[in-house]
Structures are given as C-alpha cells and as structure tokens.
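K.L.:
Residue numbers are given in the numbering used here: position 147 of the sequence shown equals residue 147, and the series is strictly consecutive.
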Amino acid sequence: MNKQHILVVEDEKNIRSFLKTVLTSNGYAVLTAETGEEAVTLLSSHCPDLVLLDLGLPDTDGQVFIQAVRRWSRVPIVVVSARTHERDKVLALDRGADDYITKPFGTPELLARVRTALRHAEQRAAGSTPSRYRCQGLQVDCDKRQVLLDGVPVHLTQNEYKIVSLLARYAGKVLTYDQIIQHVWGPNAAGDNRILRVNMANIRRKLEGSPAQPKYLFTEIGVGYRMAESEL
Ligand code: CA
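1) To the nearest angstrom, report how far apart residue 157 and residue 199 are at their CA atoms.
2) Quick one: using the 10 Å Cβ neighbour count with 16 as the cut-off for buried, is residue 139 buried or exposed?
3) Assuming contact is defined by CB atoms lying nearer than 8 Å, are residue 130 and residue 230 in contact in what I supplied?
4) So within the segment 91-174, which uninterrupted beta strand (DSSP E) runs reach at least 3 residues, ignoring any that extend past its ends?
5) Looking only at C-alpha atoms, which of 61, 214, 103 sits nearest to residue 95?
6) Can you pull the DSSP bridge partners for residue 218?
7) Could you tell me if residue 64 is buried or exposed, where buried requires 16 or more neighbouring beta carbons within 10 angstroms of its beta carbon?
8) Assuming contact is defined by CB atoms lying nearer than 8 Å, are residue 147 and residue 164 in contact in what I supplied?
9) Cα separation between residue 19 and residue 178?
10) For residue 29, which beta-bridge partners are listed by DSSP?
11) Say yes only if the C-beta of residue 34 is nearer than 7 Å to one or more non-hydrogen atoms of ligand 1, and no if none qualify.
12) For a test of your reading of the model: does the CB of residue 61 fall under 7 Å from any non-hydrogen atom of ligand 1? Yes or no.
13) Tell me which same chain residues have a C-beta within less than 8 Å of the C-beta of residue 56, skipping the five on either side of it?
14) For residue 103, tell me which candidate among 15, 5, 224, 91 has the shortest Cα-Cα distance.
15) Ordered along the chain, which non-local residues of its own chain (more than five positions away) have a Cβ less than 8 Å from that of residue 203?
16) Helix, strand or coil, according to DSSP, for residue 24 in the structure here?
17) Cβ of residue 57 versus every heavy atom of ligand 1: is any distance shorter than 7 Å?
18) Where do the ends of the alpha helix (DSSP H) carrying residue 178 lie?
19) Give a yes or no on whether the C-beta atoms belonging to residue 171 and residue 121 are separated by under 8 Å.
20) Let's see if you can read the secondary structure: which residues bound the alpha helix (DSSP H) around residue 43?
Take a look at the structure:
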C-alpha cells in the first residue's frame, strides 16, 4: 500500500515523538523536522502529502514559514500550536494554513483534522469540490441550490445560502470570518463581522434545533466557523 507521508515540524522532542507514534500507528509514513530550514529541505526533497506545523520554531516563526511555503507549494498545512491567541490562528489561516489544532489535543481530534485536510487537498487536486453534503438530518445540494432539514426544504436568503453552501463545501475545516465575508460580500467588503454574525444567528435558528447546542455549525471563538463533517 502506498502510504501518505506527513511531515511533522516541531522542536519539542516529546510532542514530536508523540505525533510520530500516533501517525505511524494510524498508517501514515512520518518525516520529522526540528527547524524551519530542515522542514523546507524535506518539503522540496520528499514532497509530503501534509505538514503538521508548530508555530514556535527555533529558527523561524511558523507564520513566516507558511507564507514562504505558499509561494511555491499547496501542500496542506495543519498548524499545531500551544498559542491560544485567536489572532495567531486567524493569521495562520489567512496566510494559507488549512486548519489548526491547539495543544493539548486528543488523538481522535488530531486524526480528524489530518484526514479532513488530506481529503480537501485530494478534492482540490482532482478539481472537484463536493457539491453535496449530508450530516444527520441536514442535506445541502449545491447543484439544486437546495437545503433540506429532515427532508423538508429550508428557506434561506441568498446570503444565508451562500454561507451555508461555502461551509458545506469545506465541511470539517474552519473558515475565518474574513474568508466567509469575502466569499459572500466580495473582496471590498468591510472587515466587520457584525453582518456575518447576524446572518449566522438566522441560519442557526433555521437549521439547529437548539442553537446553544449546535449539531451542524460550530463557532471557533474569535476565528470563524466550522461545519460538521459530511457523511458522504
Ligand atoms: Ca515550539
């Protein structure tokens, strides 16, 4: 079997070996780097399928690394960070990271993030973003422009539909406020999240039985929104 290769960029030995053990025992081939420089060398020589990146590296800032790599590679990057500052997560995502996971994290969460990022990269390479989404009672069909909840069509406004279909297409991945705003209101939209929040509140009222305990639409506080993974 042709294993998928993951490059782990992490200077802390314990975390590096933990990540390596978990990923190896789940069927991935793992390369490791302790510095940004080593990571760039391995990236160009081994072309891994995904990078797990610590933001605090000894020789470079992970944010700078993301920006540099994105000039020549679309390899999925999942940030592994101890930083809890939302600003760091938003910056990493806006610079082209695919997702992030905050330390400490559990193994299932780590593996889910990795699977999602790998799947999105495969879909992108095949030039096919999925047009249908299904999770429990919620279905989104982007060809028919239809949203069904327990089989019943849900009436959404044009902008509400744009938000739901965008999140559904990238299900499992966090999208920042800016990424959603630019998609819906265009690149010149004001960087104000208020209108997005209002729309999200309306969407949740229509889709979630209990908006305080969401099943489909999750808030990543200070960062953006993530839709539950599709079962398709
Ligand atoms: Ca570190």
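Glycine residues also receive a C-beta, built at the ideal position from the N, C-alpha and C atoms.
P.N.:
Looking at the atomic coordinates:
1) Rounded to whole angstroms, the gap between the alpha carbons of residue 157 and residue 199 is 9 Å.
2) Looking at its Cβ environment, which holds 16 or more other Cβ atoms inside 10 Å, residue 139 is buried.
3) Yes; because the gap between Cβ atoms is below 8 Å, this pair is in contact.
4) Counting only runs of 3 or more, we get 99-102, 132-135, 138-141, 146-149.
5) Taking only the C-alpha atoms, the option nearest residue 95 is 61.
6) DSSP lists 226 as partners of residue 218.
7) Residue 64 sits exposed, since fewer than 16 C-beta atoms from the chains shown fall within 10 Å of its C-beta.
8) Yes, they are a contact pair.
9) Cα-Cα distance, rounded: 31 Å.
10) Per DSSP, 5.
11) Flag unset: Cβ of residue 34 not near ligand 1.
12) No, the beta carbon of residue 61 sits no closer than 7 Å to any heavy atom of ligand 1.
13) Counting only Cβ-Cβ distances below 8 Å, and skipping sequence neighbours, we find 11, 62, 81, 82, 83.
14) Cα-wise, what sits closest to residue 103 is 15.
15) Short of 8 Å from the beta carbon of residue 203, and not among the five residues preceding or following it, lie these beta carbons of its own chain, in chain order: 156, 160, 163, 164, 217.
16) Helix at residue 24.
17) At least one heavy atom of ligand 1 sits closer than 7 Å to the Cβ of residue 57.
18) Where residue 178 is concerned, the enclosing alpha helix (DSSP H) stretches over 177-185.
19) Contact flag unset, no.
20) Taken as a continuous stretch (DSSP letters only), the alpha helix (DSSP H) holding residue 43 covers 36-46.
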